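Under the working numbering, the very last position in the sequence shown is 891; numbers go up by exactly one each time.
Ideal Cβ positions, reconstructed from N, Cα and C, are used throughout, including at glycine.
The structure displayed is predicted, hence computed values, not measured ones.
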Amino acid sequence: MGAARFVGRVGGLAVAFGIGTTVLTGYGVASADSPSTASSSSTSSQDSGSAGADSGGSSDKAPSGTRSNVASADSAGSNDGISDGISDEGDADEGTGPRRNLSSASTDTQFNDDDANADALASAAEDSTAGPGESSDSAIAPDDADALVAAVEDPTQTPAAESAAPAQAVSVVVSDAVGDRLDPPAGSDPVEPADSPLALALLAFTRREAAAANPTAAVTTESVVGNSLITNPSVTWEDGILRGTLDATSTAGLPLTYTLLTDPSLGGKINFLTSTFPNPSGPQASGNFAYLPYMTTLTDRTQNEKFRILVAETTPFDTFMKQIPIIGLFVDPVLRILYQVPILNQLLAPLIGDSQIVEFSENPYSLANGDPVAFTYLMPSFDGTPISVNYFPSVDVATGAATSAPTVFNGPDLAFPGNTNPDSVWEIVSLVPGLAPLRTGASPLPGGYDGGVGYNVITWDPRGEYDSGGFMQLDNPFFEGRDVSSIISWATSTDNPAQNQIETDLTGDPYIGMVGGSYGGGIQPVVAGTPDKRIDAIVPGIAWNTLNESLYPSDTFKTTIGSELLLALMATGARINSQIYGAVLKGALFGRINEAEQAVLSSAGPAMLASNITAPSLFIQGTVDILFELNAASVNAERMTIANPTTPVKMVWYCGGHGVCLDPVNPNQAGLNMDATLRWLDQYVAGTGTPAQDIPNFQWYDQTGQLYASDLRPYEPGFNNPESLSFEDVGGSLLLVPVLGGSGPSQSSGTLFEDAFALASGSKARNALNLDVALPVGTQIAGTPTLSFTYSGLGTSRAVYAQLVDNATGRVVGNVVTPVSVTLDGREHTLDIAMADIAYTAYDPSDSLTLQITSSATAYANLTAWGFINISDIDLDLPTVA
């Protein structure tokens with residue numbers, strides 16, 4: 010497949026692409042142009058900065074209690090082991106007590122202010138966050154402190170002004186629409202046109218009041234005579250969620266779209282719901298949404314929160330216009346403006362459809378009526394940076410079946426806000442459970458695990474994204490890591506009205522687990538590896554060890570996915586450390602970054618902190634992940650195992666991740682990941698028996714979708730046979746040219762997300778040296794092939810690329826290409842390199858592989874790479890499962 014078919018789609022990546030997300034469901038951003046749009050969050054303007062105390066919090070645990078003890082020898086996180094009889098291999102009992110009590114010998118687990126190294130690194134990162142003419146986000150002027158605290162406590166102090174869009178000329182309408190498309194304001198586009206005297210007179214004549222289901226709420230519907238839309242709006246409390254509906258129907262039988270015109274006025278959030286749990290594929294709801302009020306409104310009976318929703322019909326004309334290339338991008342914003350222009354909207358209704366604006370005015374205090382309820386809040390972090398957090402009580406707590414529950418922190422993927430869809434079954438499909446199964450403690454999948462307890466769930470917008478302030482440092486332990494520690498401290502403090510719903514041990518230490526994928530996976534080992542030991546268990550999905558190792562392997566930059574990463578951050582308006590932007594941009598353009606830029610990327614992620622993790626950890630990684638490859642999980646797990654051999658560590662390799670799964674997918678794969686996650690949380694967070702005991706230490710799916718399991722992990726002695734399979738070839742000469750004849754892109758189903766990953770994936774190369782790899786029938790590979798050869802050459806190229814092609818399918822195993830750094834100075838060199846981990850089984854004689862060493866790869870596209878190379882004495886060693 011050629012690269013040309015992908016070019017037309019790359020421009021759309023800036024809007025549609027989120028790193029780490031193969032398929033996302035349940036929530037989106039800001040507006041609801043279509044029924045599937047879900048998450049809209051808004052806060053009023055905030056002055057950044059209020060000096061706050063370090064919120065790392067105490068991790069002192071009761072010396073005796075309901076959970077077995079994990080002792081930490083010092084604040085760095087080393088331990089003496091847990092007293093539950095686990096063997097070094099991890100096959101023995103992994104904790105049979107009703108609860109686990111993580112106990113630290115240190116009386117202070119906060120970050121030490123006098124730690125010179127910590128302050129130096131934190132200071133360096135802070136200094137790098139300031140943009141031109143700006144100060145660091147953590148440099149707070151004393152005079153601004155009171156203003157920030159007041160703004161965080163009461164977002165209404167700085168309401169965002171509603172500007173008026175002129176409606177005098179079609180050219181102005183189109184201009185505004187283009188502006189909205191290129192620079193859309195979060196959650197409030199488009200604004201309502203100004204009310205002219207004629208418009209006011211018309212609305213006074215045509216206004217009709219719709220009765221609200223709740224007597225405390227006033228709902229107004231603005232429509233015109235002859236409108237074919239019928240709405241019956243209301244908001245009610247249900248199992249801890251304030252659920253609203255427009256209950257809209259079109260008497261013309263046309264499909265409907267919903268758009269949030271103005272965000273909740275007091276800082277709340279609206280999330281449009283596409284279906285009703287537990288039926289994620291059910292019919293589109295009639296304008297149903299979840300409403301998360303701002304925390305302070307739940308204790309103030311005098312405040313009403315207002316927001317407006319536009320409901321509109323979609324006509325065949327609308328559909329036709331949206332299908333026109335380029336023009337179709339601007340249809341929705343133009344329609345939204347036209348729907349709001351009095352008289353004109355009625356005149357155009359036969360062409361563009363009827364519309365109504367429904368205004369809600371809700372009193373969260375009365376709606377909740379003292380019952381547990383989900384809410385949102387701008388929480389000051391350790392340095393005063395406001396972090397937007399969302400709290401959801403467990404269903405048991407909400408309904409009164411329990412007074413408190415353990416809590417799960419669910420971090421979002423990069424370029425996405427914290428999940429606010431209470432009906433979401435998945436956070437990332439087939440990988441991370443959504444809010445619904447976490448809150449109930451049961452899998453909604455057929456035959457899924459249902460023996461668990463429900464969890465309170467906390468989600469958040471990471472620093473530098475969406476409603477949170479500050480500058481993104483990409484899961485840096487001194488920033489995002491401390492933000493999570495601050496959230497834990499807030500959740501268990503009197504500042505949180507739901508404090509009593511957070512279950513703790515006798516010392517006040519909360520029972521907390523973490524789940525999430527990609528960016529939400531990377532933050533977990535970061536937090537667990539810091540001195541804050543209040544995290545009881547983690548389930549990192551498709552995470553990394555350091556971004557430098559993932560984005561810059563063998564000193565060769567992943568230019569394609571690096572560019573997509575940059576586009577995703579730019580498209581969502583992320584505020585990010587300028588050095589990270591510079592590193593990604595320079596790497597994407599030139600394929601290389603300097604040592605200072607490498608250091609910045611190396612600081613993003615757990616790195617060596619993995620050795621400090623004492624929380625039981627279940628790593629889930631993707632066999633087709635071309636960003637965070639399989640070895641990322643193995644590195645984290647191995648460092649944990651070596652440093653803390655009694656800490657439960659298990660691993661799953663599944664067909665997914667940052668990539669396109671072209672292999673057959675086992676129908677039980679999604680259920681396995683969800684069940685394993687819930688079982689892990691139940692045993693190591695809730696302490697309800699030993700449901701995680703049945704999870705093998707290592708499970709993997711091969712290229713046919715067959716599941717295998719082992720009591721040994723792939724890095725442990727005895728997992729592989731003592732002798733590897735070895736294959737040799739004399740080599741040959743290779744002309745090095747950019748792109749032409751090289752590897753990639755891979756096949757794709759044609760969706761924008763899959764095209765993004767396919768462009769950075771491998772395919773069989775035409776310009777390559779080939780080595781036949783005939784495998785004995787029954788051979789299993791779940792590990793790291795190694796490659797060595799001797800070479801000489803001349804040119805500007807700094808790498809060649811190695812891959813293993815499955816001869817039965819013609820596809821690259823795992824779609825993963827390994828860069829091999831070379832120096833083309835005319836001299837002879839010899840190298841030995843570890844290739845990307847693979848999972849492969851030879852079932853019959855036709856199951857064989859071909860090693861290819863090729864000139865280029867779209868994953869590492871670099872137009873400056875030219876030259877020739879002579880390669881000899883090629884040797885490939887394949888580990889085989891014992």
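**Request:** Have a look at V821 and I570 and give me their C-alpha separation to the nearest angstrom.
**Result:** 18 Å
**Prompt:** Per DSSP, what kind of secondary structure is K875 in: helix, strand or coil?
**Reply:** This sequence places Trp at residue 875; Lys is not what is there. Looking at W875 - three-state DSSP - the assignment turns out to be coil, as it is neither helix nor strand.
**Asked** Who are the Cβ neighbours of S477 in its own chain at under 6 Å, not counting the five residues just before and after it?
**Response** I396, S397, D470
**Message:** Please tell me whether G529 and D691 are closer than 8 Å, where the distance is taken between their beta carbons.
**Reply:** no
**Message:** Could you check whether the stretch 244 to 251 touches the stretch 377 to 390, counting it as contact only if at least three pairs of C-beta atoms, one from each stretch, sit closer than 8 Å?
**Reply:** yes
**Request:** Please classify V535: does DSSP put it in a helix, a strand, or coil?
**Result:** helix
**Asked** Quick one: what does DSSP say R310 is sitting in, helix, strand or coil?
**Response** coil
**Message:** For a cutoff of 8 Å on Cβ pairs, would you count P373 as touching chain D?
**Reply:** You won't find chain D in this structure, because it holds only one protein chain.
**Message:** According to DSSP, is W469 part of a helix, a strand, or is it coil?
**Reply:** strand
**Prompt:** Apart from the five residues on each side of it in sequence, which residues of its chain come closer than 6 Å, Cβ to Cβ, to E907?
**Reply:** Residue coverage of the chain in this structure runs from 10 to 891, which leaves residue 907 outside it and unanswerable.
**Prompt:** Just the Cα atoms here: how many angstroms apart are Q789 and T873?
**Reply:** 39 Å
**Asked** Rounded C-beta distance between F326 and L360? I'm assuming under 8 Å.
**Response** 5 Å
**Asked** Is the number of C-beta pairs between the stretch 819 to 838 and the stretch 641 to 651 that are closer than 8 Å three or more?
**Response** no
**Item:** Same chain only: Cβ atoms within 6 Å of D886, ignoring 5 sequence neighbours per side
**Value:** S733, S735, T795
**Prompt:** A47 to F281, Cα distance in whole Å?
**Reply:** Residue placement at A47 is flagged as unreliable, the pLDDT there being 37, under the threshold of 50; the coordinate-derived value follows with that caveat. For A47 and F281, the distance between alpha carbons rounds to 4 Å.
**Request:** Assign P549 to one of three DSSP states: helix, strand, or coil.
**Result:** strand
**Prompt:** For M617, is the classification buried or exposed, using 16 other Cβ atoms within 10 angstroms of its Cβ as the cut-off for buried?
**Reply:** exposed
**Prompt:** The alpha helix (DSSP H) spanning D341 covers which residue range?
**Reply:** 340 to 347
**Request:** Pick helix, strand or coil for I497, following the three-state DSSP scheme.
**Result:** helix
**Item:** Cα-Cα separation between F728 and P705, rounded to whole angstroms
**Value:** 13 Å
**Message:** Please report the straight-line C-alpha distance between R584 and T468, rounded to a whole angstrom.
**Reply:** 19 Å
**Message:** Do S527 and I551 have their beta-carbon atoms positioned less than 8 Å apart in this structure?
**Reply:** yes
**Message:** Among I635, L263, G296, whose alpha-carbon lies nearest the alpha-carbon of T240?
**Reply:** G296
**Same chain, Cβ closer than 7 Å to A186, five either side skipped, listed in chain order** = Note that A186 has pLDDT 41, beneath the 50 cutoff, so the model's placement of it is unreliable and the number below is only indicative. Excluding positions up to five away in sequence, the list reads F339, P342, V343, I346.
**Item:** DSSP three-state assignment for F401, whether helix, strand or coil
**Value:** strand
**Request:** Answer yes if the stretch 357 to 377 comes into contact with the stretch 420 to 440, meaning at least three C-beta pairs across the two stretches below 8 Å, and no otherwise.
**Result:** no
**Three-way DSSP call (helix, strand, coil) for T323 in this model** = coil
**Asked** Do you know offhand how far L301's Cα is from D392's?
**Response** 26 Å
**Prompt:** What is the rounded straight-line gap between the Cα of A411 and the Cα of P426?
**Reply:** 29 Å
**Segments assigned beta strand (DSSP E), at least 3 residues, entirely inside the stretch 646 to 691** = 658 to 663
**Prompt:** For F707, which residues from the same chain have a beta carbon less than 6 Å from its beta carbon, with the 5 sequence-adjacent residues on both sides left out?
**Reply:** M660, S719, R722
**Request:** Using a threshold of 8 Å, state whether the C-beta atoms of V367 and V320 are closer than that.
**Result:** yes
**Item:** For P676 and G450, the rounded distance between their alpha carbons
**Value:** 22 Å
**Message:** Once the 5 residues before and after S742 are set aside, which same chain residues still bring their CB inside 8 Å of it?
**Reply:** F877, I878, N879, I880
**Request:** Quick one: give me the first and last residue of the beta strand (DSSP E) that A808 is part of.
**Result:** 808 to 815
**Item:** Between the CA atoms of T623 and V658 - distance to the nearest angstrom
**Value:** 10 Å
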